[in-house]
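Taking UniProt numbering, the leading residue of the sequence shown gets 1, the next gets one more, and so forth. Just below is one structure, and these are the notes that go with it.
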Amino acid sequence: ASSGGGPCEPGTQDGCYSGGRDTLNRGACRGGVRTCDEDGNGYGPCVGEVVPASERCDTAEDEDCDGVINQGCTYARCAEVPRGLPSGVVLLDLDGAGPEPEFPVYCDPTTDGGGWALVYNSVGSDAGATLPFWNIPYAERLATRGEPAISQNYYRGSLYFVGREYRDEIEDIAGTVKTVMRAAAGGIDSATMKLLRPEHVSGNADIYVSQFLSGWSSQDHDGDPDPGNCALQNQNVTQHYAQCWEYNLGADGDEPRDDGGWGPHLGTHLAERLGLASDDTRFTRVRRISRWTRW
Numbered sequence: 001a002s003s004g005g006g007p008c009e010p011g012t013q014d015g016c017y018s019g020g021r022d023t024l025n026r027g028a029c030r031g032g033v034r035t036c037d038e039d040g041n042g043y044g045p046c047v048g049e050v051v052p053a054s055e056r057c058d059t060a061e062d063e064d065c066d067g068v069i070n071q072g073c074t075y076a077r078c079a080e081v082p083r084g085l086p087s088g089v090v091l092l093d094l095d096g097a098g099p100e101p102e103f104p105v106y107c108d109p110t111t112d113g114g115g116w117a118l119v120y121n122s123v124g125s126d127a128g129a130t131l132p133f134w135n136i137p138y139a140e141r142l143a144t145r146g147e148p149a150i151s152q153n154y155y156r157g158s159l160y161f162v163g164r165e166y167r168d169e170i171e172d173i174a175g176t177v178k179t180v181m182r183a184a185a186g187g188i189d190s191a192t193m194k195l196l197r198p199e200h201v202s203g204n205a206d207i208y209v210s211q212f213l214s215g216w217s218s219q220d221h222d223g224d225p226d227p228g229n230c231a232l233q234n235q236n237v238t239q240h241y242a243q244c245w246e247y248n249l250g251a252d253g254d255e256p257r258d259d260g261g262w263g264p265h266l267g268t269h270l271a272e273r274l275g276l277a278s279d280d281t282r283f284t285r286v287r288r289i290s291r292w293t294r295w
C-alpha cells in the first residue's frame, strides 16, 4: 500500500518524519526513509523513524524529545537514576504511593559506584553569603535550605533519616577534589542529631570524630561534647562538632572568625596531610565542602 504523496519515480527514496518539527534530531527522535512504490503512485510508510514517546524513566534517553531527559520521573533513591546521566537534580519519592510528597535532590550517579544524594554543600563566597547561610536554628535542623546544586549552598537535614553510607568531599582552593572521609550510620536521633550506630569506613579519622561521630550544635542548642557551645564559638555555624572542628562550613579558625563571610575552612595541618592546597594560614579556605549519602 502507498501512503500517497503523488506520482514519484519507482524505487526512489525520500527522508521523512511524522513527529513535530521541533523534535526532529532532539533526544531519541530521528527521521526515517520512505520509498516510492513500484508503480510510481506514491511513497510507502516512513521506515526507521523514531517519534516522541512517553519517558521510560529507566534509560538515559530523552524519549519524548523535549530536550529534558526524564522530566517528571521520580525515583526512590539516587541509585535508581539510569547510568549514563550526569550529576544533577532529580525528584525523589521515598514512600512510593504513600502520603509524603516528592522532592528535588542533587544526585551524583558516577563517583564510587554512584547513587549519592547531596546532604549539604558549603561553597566559598567572596560576597560573604556563605557564613550566614549556616546559622540554622534547632527547629530547622531537619528542614531544607537553599536549592540542590553543587555550585550553591544547600542543606537537606531530612536525608539523615534514610542515609546509610556517607561520603565527605572537599574541593581545595586550587580546584582539587578529594573524598576525605567515608562513614556509615543507621539513621539519626532527631532530637540530638547524633547519628545512630555510626561507623568509620575509611579516610581521615579526625574528620570522622569531629564532624560525624560526636555531637551537633546550633546557636540555640548545645549538643557537642565541648565544655562550651561550638556553634556559638564559631559564628553561629550549625553542624556536627566534637571539640570543636577539623572543618567548618562557615567559620574560620583564625581571627577574625568570620573571614569576610567566605564560609568553608579546613585545618591546614589536615589539608597538608590530605594533599590539598592551603592559603598559608592555620585554617585554610577551601572552595567547597560537601556531604553525600546513599541507601
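Glycine is no exception: its CB is placed at the ideal position from the N, C-alpha and C atoms. None of these values were measured; they are calculated from a predicted model.
Checklist entry - Do you know how far the Cα of A53 is from the Cα of L274? => result 49 Å
Checklist entry - So what does DSSP say about P104, is it helix, strand or coil? => result strand
Item to check | Opening and closing residue of the alpha helix (DSSP H) in which A53 lies | outcome: Neither: A53 is in no alpha helix (DSSP H) and is coded neither H nor E.
Checklist entry - Out of E255, Y154, D252, which has the shortest C-alpha to C-alpha gap to S290? => result Y154
Checklist entry - What is the C-beta distance between I207 and V286, in whole angstroms, given that I count them as a contact (C-beta under 8 Å)? => result Actually they are not in contact, since the Cβ atoms of I207 and V286 sit about 13 Å apart, beyond 8 Å.
Checklist entry - Just curious, the alpha helix (DSSP H) that D206 is in, first and last residue? => result 205-208
Next on the checklist: Looking at W295: is its Cβ nearer than 8 Å to the Cβ of R77?
Outcome noted: yes
Checklist entry - Does DSSP put D220 in a helix, a strand or coil? => result coil
Checklist entry - Considering only the beta carbon of each residue, do F212 and G187 sit closer than 8 Å? => result no
Checklist entry - CB-CB under 7 Å to P82, same chain, minus the five flanking residues each way: which ones, in chain order? => result D58, T59, A60
Next on the checklist: If you measure between the beta carbons of C46 and Y17, is that distance less than 8 Å?
Outcome noted: yes
Next on the checklist: Which of the three DSSP states is assigned to E63 in this structure?
Outcome noted: coil
Checklist entry - Which residues share a DSSP beta bridge with V33? => result G15, V47
Next on the checklist: Tell me which residues share the same chain as L159 and place their Cβ nearer than 7 Å to its Cβ, disregarding the 5 neighbours each side in the sequence.
Outcome noted: A117, V119, T293
Checklist entry - For S210 versus W245, is the C-beta distance shorter than 8 Å? => result yes
Item to check | Cβ distance (whole Å) where R282 is taken to contact D254 below 8 Å | outcome: 5 Å
Checklist entry - Going by alpha carbons, who is nearest to Q235 out of G215, P264, P227? => result P264
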